[in-house]
Amino acid sequence: MSTATPTRPTSRRASLDSRTVVDPPGTRRRRSVPRLLGGALLVVLGAVAFGVIGLRADPGIDVLAVARPVIAGTQLGDADLRVVHIVPDEDLRVVRASERSTVVGRTAAVPLAAGALLTTDQLGTVTDPPPGQSVIAVGVKTGRAPSGLAPGASVLVVVVPQSGAADTPPQARAVVRAVDLTDSSGITVVSLQMSAESAVRIAAATGDVALILQNPGR
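Numbering-wise (UniProt numbering), the sequence shown opens with residue 1 and increments by one.
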């Protein structure tokens, strides 16, 4: 006599086992929050590490620069200096910003241009003009010099001879040191630095002085 094996309970158990388990919505949200926080923390830590490495890799230093034009022989004041950040050159004897207090009150040995880096050899006993150089003043008539002529410009000085003169006009290369205001007669007094020999030749020449602006590399 055969015995029938019941199959309904087995089918029901398989059906229960095959059902997909789905987490409640609240559980999934709770699991994602820690992951988001962890990712944000990693981003912040990476940014901080990058910033620290960047600061350590910066080879620049803070040094002193000239804030405004300073005449040779003038005692430097705090307002004459400003701080700039540069990558230093080994051959350039710059003054660090931390030495500012020791620089104030010292004498400028040479004229200092605004924006120029301050170096140790620019301070101390006045050495202006340099050995072998002289500074002379010449009167320049209107139309005999380029407009906007400023200190530091390289010029060719030509003394235009009187009418009818056939001699080659005296000339010399020079650097403009100062430009005074034009007076009522139309004369502008320009201070020029040039070799001592050229200064004597130009000062002794007769005629009108003309200034030709040139490239300093020429």
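Cβ coordinates follow ideal geometry from the N, Cα and C atoms, glycine included.
If you draw a straight line from the alpha carbon of Leu149 to that of Ser184, how long is it in whole angstroms? What you label residue 149 is simply residue 149 of the sequence shown in a count that begins at 1. What you label residue 184 is simply residue 184 of the sequence shown in a count that begins at 1. So the two alpha carbons sit approximately 19 Å from each other.
contact_flag[the stretch 150-161, the stretch 121-132] where n(CB pairs < 8 Å) is 3 or more: no
Nearest residue (CA-CA) to Leu211, options Ser195, Val190, Glu197, Ala204: In the sequence shown, residue 211 corresponds to position 211, counting from 1. Nearest of Ser195, Val190, Glu197, Ala204 to Leu211, Cα basis: Val190.
Just grab the DSSP bridge partners of Thr125 for me. Start at 1 with the first residue of the sequence shown, and residue 125 comes out as number 125. DSSP output for Thr125 lists no bridge partner at all.
Tell me whether Arg100 sits in a helix, a strand or coil according to DSSP, three-state version. Within the sequence shown, numbered from 1, the residue matching residue 100 stands at position 100. Three-state DSSP puts Arg100 in a helix.
Boundaries of the alpha helix (DSSP H) in which Arg201 is found, first to last residue: Stepping through the sequence shown from its first residue, residue 201 is reached at position 201. Note, Arg201: alpha helix (DSSP H), 196-204.
Among residues of its own chain, excluding the 5 on either side of Glu99, which ones have a beta-carbon nearer than 8 Å to its beta-carbon? For the purposes of this step, residue 99 is taken as the residue at position 99 of the sequence shown. Leu64, listed in sequence order.
Can you confirm whether Ile187, when its beta carbon is compared against all beta carbons of chain B, has any partner nearer than 8 Å? Judged by its chain identifiers, the structure shown contains no chain B, having just a single protein chain.
So, with DSSP's three-state summary, where would you put Thr120? Numbered from its first residue, the sequence shown carries residue 120 at position 120. Helix, per DSSP.
Assuming contact is defined by CB atoms lying nearer than 8 Å, are residue 229 and Ala109 in contact in what I supplied? Lying outside 1 to 218, the shown extent of the chain, residue 229 is not represented and no answer is given.
Spell out a yes or no on whether the stretch 166-179 and the stretch 200-215 are touching, meaning 3 or more CB-CB pairs, one atom from each, closer than 8 Å. yes
Inter-residue Cα distance where the pair is Leu16 and Ala40: Along the sequence shown, one-based indexing puts residue 16 at 16. Along the sequence shown, one-based indexing puts residue 40 at 40. Confidence at Leu16 is low in this model, with a pLDDT of 48, below 50, so the placement of that residue should be treated as unreliable; the coordinate-derived value is given next. Note on geometry: alpha-carbon atoms of Leu16 and Ala40 lie some 41 Å from one another.
Residue 219 by DSSP, collapsed to three states: which one? Any question about residue 219 goes unanswered here, given that the chain covers just 1 to 218.
Taking 8 Å as the cut-off, decide whether the C-beta atoms of Pro69 and Leu112 are in contact. Taking the first residue of the sequence shown as position 1, residue 69 is located at position 69. Taking the first residue of the sequence shown as position 1, residue 112 is located at position 112. Yes, they are a contact pair.
With a threshold of 16 other CB atoms inside 10 Å of the CB of Ser147, please say whether the residue is buried or exposed. Position 147 of the sequence shown holds residue 147. Result: exposed.
Inter-residue spacing [alpha-carbon to alpha-carbon] between Ile61 and Arg96: In the sequence shown, counting from the first residue as 1, residue 61 sits at position 61. In the sequence shown, counting from the first residue as 1, residue 96 sits at position 96. Whole-angstrom Cα-Cα distance: 8 Å.
Is it the case that the Cβ atoms of Gly73 and Thr142 are separated by a distance below 8 Å? By 1-based counting over the sequence shown, the position of residue 73 is 73. By 1-based counting over the sequence shown, the position of residue 142 is 142. Cβ atoms of Gly73 and Thr142: not closer than 8 Å.
Whether Ala114 touches Ala178 by CB criterion (8 Å): Numbered from its first residue, the sequence shown carries residue 114 at position 114. Numbered from its first residue, the sequence shown carries residue 178 at position 178. No. Outside cutoff.
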